[in-house]
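Trainee:
Protein chains: 2
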Amino acid sequence: MPDSPPPPSGPYAPLPNSASHAPPPYVRRLSLYLRMLEQLTDKGVSTISSKQLGDHLGLTDGQVRKDFAHFGQFGHPGVGYRPPELMRQIRHILGIDRPWNVILIGAGNLGRALASHKGFAGRNMHLRAVLDSDASRLDEEISGLKIESIDRLQDVVAQTQAQLAIIAVPAIAAQGVCDAVVRSGIKAILNFAPRLLTVPCEVSVSNVDLAQYLEQLAFQLHLGEK
Amino acid sequence: MPDSPPPPSGPYAPLPNSASHAPPPYVRRLSLYLRMLEQLTDKGVSTISSKQLGDHLGLTDGQVRKDFAHFGQFGHPGVGYRPPELMRQIRHILGIDRPWNVILIGAGNLGRALASHKGFAGRNMHLRAVLDSDASRLDEEISGLKIESIDRLQDVVAQTQAQLAIIAVPAIAAQGVCDAVVRSGIKAILNFAPRLLTVPCEVSVSNVDLAQYLEQLAFQLHLGEK
DNA sequence: ACGTGTGAAGTCGTTCACAGCG
DNA sequence: CGCTGTGAACGACTTCACACGT
Chain A
0 MPDSPPPPSG PYAPLPNSAS HAPPPYVRRL SLYLRMLEQL TDKGVSTISS KQLGDHLGLT
60 DGQVRKDFAH FGQFGHPGVG YRPPELMRQI RHILGIDRPW NVILIGAGNL GRALASHKGF
120 AGRNMHLRAV LDSDASRLDE EISGLKIESI DRLQDVVAQT QAQLAIIAVP AIAAQGVCDA
180 VVRSGIKAIL NFAPRLLTVP CEVSVSNVDL AQYLEQLAFQ LHLGEK
Chain B
0 MPDSPPPPSG PYAPLPNSAS HAPPPYVRRL SLYLRMLEQL TDKGVSTISS KQLGDHLGLT
60 DGQVRKDFAH FGQFGHPGVG YRPPELMRQI RHILGIDRPW NVILIGAGNL GRALASHKGF
120 AGRNMHLRAV LDSDASRLDE EISGLKIESI DRLQDVVAQT QAQLAIIAVP AIAAQGVCDA
180 VVRSGIKAIL NFAPRLLTVP CEVSVSNVDL AQYLEQLAFQ LHLGEK
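Top line first, the protein sequences correspond to chains A and B. When the letters of the first sequence are read in order and numbered with numbering that gives the first Met the number 0, they come out as residues 0 to 225. When the letters of the second sequence are read in order and numbered with numbering that gives the first Met the number 0, they come out as residues 0 to 225.
Right, here's the structure in full:
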């Protein structure tokens, strides 16, 4: 099932100034709260206290309140927080109350898995194109999108108005692809290649390194053993 | 190409006591240093200063030295650090100088992509089994491993001596699978399902939520705009 | 001279405890 | 009375600056 029609980019509602200098941990936890609120809403919860929310996530009630209070007043004294309202606020702060256009580079195993991932749309993330360097894969279809040549990157970015790129190519190719993506004007990259990318400081990169997660877990086990 | 023969579990070299109460940020950065050192080694670098290493990773030289110093004395005054030596030390601290056995649950698109991911072996992470609940997928082969029924979880964990589990099942099934994994005695879980898992406190969980990464990047863009 | 290891100072984030509102 | 919002106290991580080793 293809995405909804491509959204125009343009002016959107502004953010409370507080968001500009929000501590990174606060912003990271907003995503966490949002996910948990979605799950609680599925269960039919209509009101939730900072204590309850915190218990589910391993945080103290005070911390939950501090996090929200930094961005505004979203709660109701004596009552708690109302999930629909709170979720709307969080989505607004994170900037996902408006659509974002995403392109995917790399149509290997991982790329295909990412392309077919449900759940991007629910966060207003819309996959607009899939690119690959392997000529034998061109014109194949992945979740409704024809695979395009990596050489067409500039055109594709212009046509799709993409703001985010996902890199899912082999490690050896990652930096080259990254450089091309940066040249295309994209300012945010999600990198799945097991390689640390070098980018100009105005570009945001998030590295998802699978081995790294296992490593960190191994360390935990390692400690717990003695 | 299948993994090397299953390693025995048993006693391994101990960790400096300092590692037990290491600040979590220090431990996370060890993985980062390791990845960067691998890349630098590929380029033939034989010695590196805290300044150079920090510049590559966006950290100050002081911080790099503090991080390493917490775990021991790995540097050479007037010279810098020697990558092979330093990497050996980091691998030891993280506990990846010994093999770990991993099982994968979920043989969908993402599961297959993860199973075929090169680069686990280089971190001493060895995939020993793939399980799925879909009967139609049983006995299929994924990177040399026959898919087993999820019902055989307990047996598989016992036979493979698995210490880590990767969950790559649909969101709706994730908590159920997680509970079964916990019952099997596994103490570390890497979760790719877009769902926050509830586990007993002695179990470590790491959630890799794809939408969450895009969200955080969207926030960065959102800010940079105005 | 160059670069590490390290206490001391500073900054940032978390916890606490309570005032105030529903 | 329950629960939020918030300043003040606390603790944790980072930065700084310098002594020491090569």
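Every residue, glycine too, gets a C-beta built ideally from N, C-alpha and C.
Starting from the beta carbon of proline 193 (chain B), find every residue of chain A whose beta carbon is closer than 8 Å, and list them in chain order.
Mentor: What proline 193 (chain B) touches in chain A: Arg34 and Gly118.
Trainee: Work out the CA separation of methionine 124 (chain A) and leucine 36 (chain A) for me, nearest whole Å.
Mentor: Going from the Cα of leucine 36 (chain A) to the Cα of methionine 124 (chain A) covers about 19 Å.
Trainee: Going by DSSP in three states, leucine 42 (chain B) sits in which element: helix, strand or coil?
Mentor: At residue 42 (chain B) the sequence reads lysine, which differs from the leucine that was named. Coil.
Trainee: For asparagine 16 (chain A), does the three-state DSSP call read helix, strand or coil?
Mentor: Of the three classes helix, strand and coil, the one that applies to asparagine 16 (chain A) here is helix, per DSSP.
Trainee: Any beta-carbon of chain B closer than 9 Å to the one on serine 115 (chain A)?
Mentor: At least one chain B Cβ lies under 9 Å of serine 115 (chain A).
Trainee: Relative to the C-alpha of glycine 121 (chain A), which residue among A:Pro199, A:Arg87, A:Lys145 and A:Gly223 is closest?
Mentor: If we check each option's Cα against that of glycine 121 (chain A), A:Arg87 comes out closest.
Trainee: According to DSSP, glycine 79 (chain A) sits in a beta bridge with which residue or residues?
Mentor: DSSP lists A:His75 as partners of glycine 79 (chain A).
Trainee: Okay, do the stretch 76–84 of chain B and the stretch 43–52 of chain B touch, 3+ Cβ pairs below 8 Å being the bar?
Mentor: The stretch 76–84 of chain B is in contact with the stretch 43–52 of chain B.
Trainee: In terms of alpha-carbon separation, which member of A:Ser203, A:Thr197, A:Pro24 and A:Asp131 lies closest to isoleucine 185 (chain A)?
Mentor: Among A:Ser203, A:Thr197, A:Pro24 and A:Asp131, the Cα nearest to that of isoleucine 185 (chain A) belongs to A:Ser203.
Trainee: Taking only runs of the beta strand (DSSP E) that begin and end inside the stretch 139–174 of chain A, which ones reach a length of at least 3 residues, in chain order?
Mentor: Segments of the beta strand (DSSP E) lying fully in the stretch 139–174 of chain A: 144–148 and 163–166.
Trainee: State the Cα-Cα distance for the pair leucine 130 (chain B) and alanine 210 (chain A), rounded to the nearest angstrom.
Mentor: Taking the straight line from one Cα to the other gives about 20 Å.
Trainee: Please classify alanine 170 (chain A) as buried or exposed, where buried requires at least 16 neighbouring CB atoms within 10 angstroms.
Mentor: Its Cβ having fewer than 16 others within 10 Å, alanine 170 (chain A) is exposed.
Trainee: Enumerate in chain order the residues of its own chain whose CB-to-CB distance from arginine 111 (chain B) is below 7 Å, with the five nearest sequence positions on each side excluded.
Mentor: The residues are Ile141.
Trainee: So, is the C-beta of isoleucine 146 (chain A) closer than 9 Å to a C-beta in chain B?
Mentor: So no, isoleucine 146 (chain A) is outside the interface.
Trainee: Assuming the contact rule is C-beta atoms closer than 8 Å, glutamine 38 (chain A) and leucine 195 (chain B) should be a hit. Round their C-beta distance to whole Å, please.
Mentor: So it is a contact: roughly 7 Å between Cβ atoms.
Trainee: Could you list which residues in chain A have their beta carbon closer than 7 Å to that of asparagine 108 (chain B), in chain order?
Mentor: Residues of chain A passing the Cβ test: Arg111, Ala112 and Ser115.
Trainee: Buried or exposed: cysteine 200 (chain A), going by 16 or more other Cβ atoms within 10 Å of its Cβ?
Mentor: It counts as exposed.
Trainee: Phenylalanine 70 (chain B) and alanine 226 (chain B) - do their beta-carbons sit closer together than 9 Å?
Mentor: An answer regarding residue 226 (chain B) cannot be provided, because it is not within the stretch 0 to 225 covered by chain B.
Trainee: Using a cut-off of 8 Å between C-beta atoms, extract the partners of aspartate 208 (chain B) located in chain A.
Mentor: Within 8 Å Cβ-Cβ: Ser30 and Arg34.
Trainee: Where do the N-terminal and C-terminal ends of the beta strand (DSSP E) with arginine 232 (chain A) fall, by residue?
Mentor: Residue 232 (chain A) is absent from the structure shown; chain A starts at 0 and stops at 225.
Trainee: Under 8 Å between beta-carbons, which chain B residues line up against serine 205 (chain A)? List them in chain order, please.
Mentor: Within 8 Å Cβ-Cβ: Tyr212, Gln215 and Leu216.
Trainee: Here's the rule: buried if 16 or more other CB atoms are within 10 angstroms of the residue's CB, otherwise exposed. What is isoleucine 104 (chain B)?
Mentor: So isoleucine 104 (chain B) ends up on the buried side.
Trainee: Are the beta-carbon atoms of phenylalanine 119 (chain A) and leucine 213 (chain B) separated by less than 9 Å?
Mentor: Yes. Within cutoff.
Trainee: Taking the straight line between their C-alpha atoms, what separation do you get for glutamine 72 (chain B) and glycine 223 (chain A)?
Mentor: Spanning the two alpha carbons is a distance of roughly 24 Å.
Trainee: Using a Cβ-Cβ cutoff of less than 8 Å, which residues in the same chain neighbour glutamate 113 (chain B) once the five nearest sequence positions on both sides are dropped?
Mentor: A quick correction: the sequence has leucine, not glutamate, at residue 113 (chain B). Cβ neighbours of leucine 113 (chain B) beyond the five flanking positions: Leu103, Ile165, Ala167 and Phe191.
Trainee: Hey, leucine 126 (chain B) and leucine 152 (chain B): beta-carbon distance below 9 Å or not?
Mentor: Their beta carbons are not under 9 Å apart, which means leucine 126 (chain B) does not touch leucine 152 (chain B) by this criterion.
Trainee: Among B:Leu189, B:Val156 and B:Pro193, which has the Cα closest to the Cα of serine 227 (chain B)?
Mentor: The first residue shown for chain B is 0 and the last is 225, placing residue 227 (chain B) beyond what the model contains.
Trainee: Would DSSP call leucine 189 (chain A) helix, strand or coil?
Mentor: In this structure, leucine 189 (chain A) counts as strand in the three-state DSSP scheme.
Trainee: Against methionine 124 (chain A), what residues of chain B qualify as contacts under a CB-to-CB distance less than 7 Å, listed in chain order?
Mentor: Those within 7 Å of methionine 124 (chain A) in chain B are Ala210 and Leu213.
Trainee: Just the Cα atoms here: how many angstroms apart are leucine 216 (chain A) and glycine 94 (chain B)?
Mentor: Going from the Cα of leucine 216 (chain A) to the Cα of glycine 94 (chain B) covers about 10 Å.
Trainee: Under DSSP, the alpha helix (DSSP H) around serine 49 (chain B) begins and ends at which residues?
Mentor: Counting along the chain, the alpha helix (DSSP H) containing serine 49 (chain B) begins and ends at 49–56.
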